[in-house]
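Residue numbers (the working numbering): 14 to 279.
For every residue, glycine included, the Cβ atom is placed at its ideal position computed from N, Cα and C.
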C-alpha cells in the first residue's frame, strides 16, 4: 500500500470558508500542499485582495470569491462558480466563524443570533450546497471547525458555545445521513490557538508579566503552550484524504491535551 497516495489530495477541489488568514489560511495552505485546488470566500473585495496576495506569497494559486456564507443565494452561486472554474467540490472546510465575548445577561438577542448565524447556520447552508455534487461524484469530505467549546462552557461565550455545540451535532448528523453516499463529515476542535483573534489574551502586561488568561491557558494545557495554526494542518489533511475514509462523525480535538487534563493541584 502506498501510504503517500492515501494522504494525497491531487486532483481534488477544496473550499475553505473564511480562509483569508489564521486557522482557515493554514488549513488551505496544508490542503494545497497535499495537491488540492483551493477556493475560499471573503465578504469584501479589500479582504479578498489581501488574502490573494498572501496566497501568492506562499506560491498557492487560490481562487477567491466574494460571498456571505449566511446568504443561501450567494452560497449557491459561489458553489456553481467553483464547480465551473475548478471542478466539483470534493472537500469542504466550514471554517468561517466569529466570537463575541459578552456576559450572557448583557448580550442582546441580536448579538446571539449573529454568532449562531455565522458559526452554525452558515455551515448548514454551505454543506447543503455542496452535498448534491458529492453525492453525484460518489465521494466527499466535510470538515467542520468546531471548538473545545463544543464540550465545555466558559464565561462570556454563551452564543459561541451554543453554536459550536450545535455544529458538533450537525457534524454527526451529516455523517449519519450521508455516510451511505461515501461522504465523511468530521470536525476539528482546536484548543487555544495563537491567532490575531486571540492576540489580546496573550498581550504582555505593563509590568512585563503574562496576561492572566495566558497564564491560565498555559497552566491548563499539558503541552504548556498555545497551539498555532500549523498544528491543525496535519489533522486537516488526514480528514480530507482517503486515509480517513472510515472515519465519520468524529470530532478530532487538537488542544494540546487540555480536555484530558483536570489541572495542577493548587
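(request) Pull up the CB-CB distance for residue 163 and residue 202, whole angstroms please, since I reckon it's below 8 angstroms. (result) 6 angstroms
(request) Could I get the ranges of all uninterrupted alpha helix (DSSP H) runs contained in the segment 165-197, with 4 residues as the minimum, in chain order? (result) 171-191
(request) Pick out whichever of 37, 58 and 60 has its Cα sitting closest to the Cα of residue 51. (result) When only C-alpha atoms are compared, the closest one is 37.
(request) Please list, in chain order, all residues of the same chain as residue 190 whose beta carbon is under 7 angstroms from its beta carbon, the five residues on each side excluded. (result) none
(message) I'd like to check one pair, residue 47 with residue 250: are the Cβ atoms closer than 7 angstroms?
(response) Less than 7 angstroms divides the Cβ of residue 250 from the Cβ of residue 47.
(request) With a threshold of 16 other CB atoms inside 10 Å of the CB of residue 160, please say whether the residue is buried or exposed. (result) Counting C-beta atoms within 10 angstroms of its own C-beta, residue 160 has 16 or more neighbours from the protein chains shown and is therefore classed as buried.
(message) Considering Cα atoms alone, identify which of 64, 130, 269 and 57 is closest to residue 33.
(response) If you compare the alpha carbons of 64, 130, 269 and 57 with that of residue 33, the shortest gap goes to 64.
(message) Which complete alpha helix (DSSP H) runs does the segment 65-103 hold, if anything under 4 residues is left out?
(response) 85-98
(request) Look up residue 106 in the DSSP assignment and give the residues it is bridged to. (result) 29 and 156
(request) Starting from residue 129, trace the alpha helix (DSSP H) both ways and give me its first and last residue. (result) 122-129
(message) Short of 6 angstroms in beta carbon distance, which residues of its chain neighbour residue 185, apart from the five on each side in sequence? Order them along the chain.
(response) 262
(request) Tell me whether residue 203 sits in a helix, a strand or coil according to DSSP, three-state version. (result) strand
(request) Determine, using beta carbons only, whether residue 215 and residue 224 come nearer to each other than 7 angstroms. (result) yes
(message) Less than 7 angstroms between the C-beta atoms of residue 204 and residue 158, yes or no?
(response) no
(request) Report yes or no: do the segment 166-174 and the segment 106-125 share at least 3 C-beta pairs separated by less than 8 angstroms? (result) yes
(message) Quick check on the DSSP output: the beta strand (DSSP E) that includes residue 53 runs from which residue to which?
(response) 50-55
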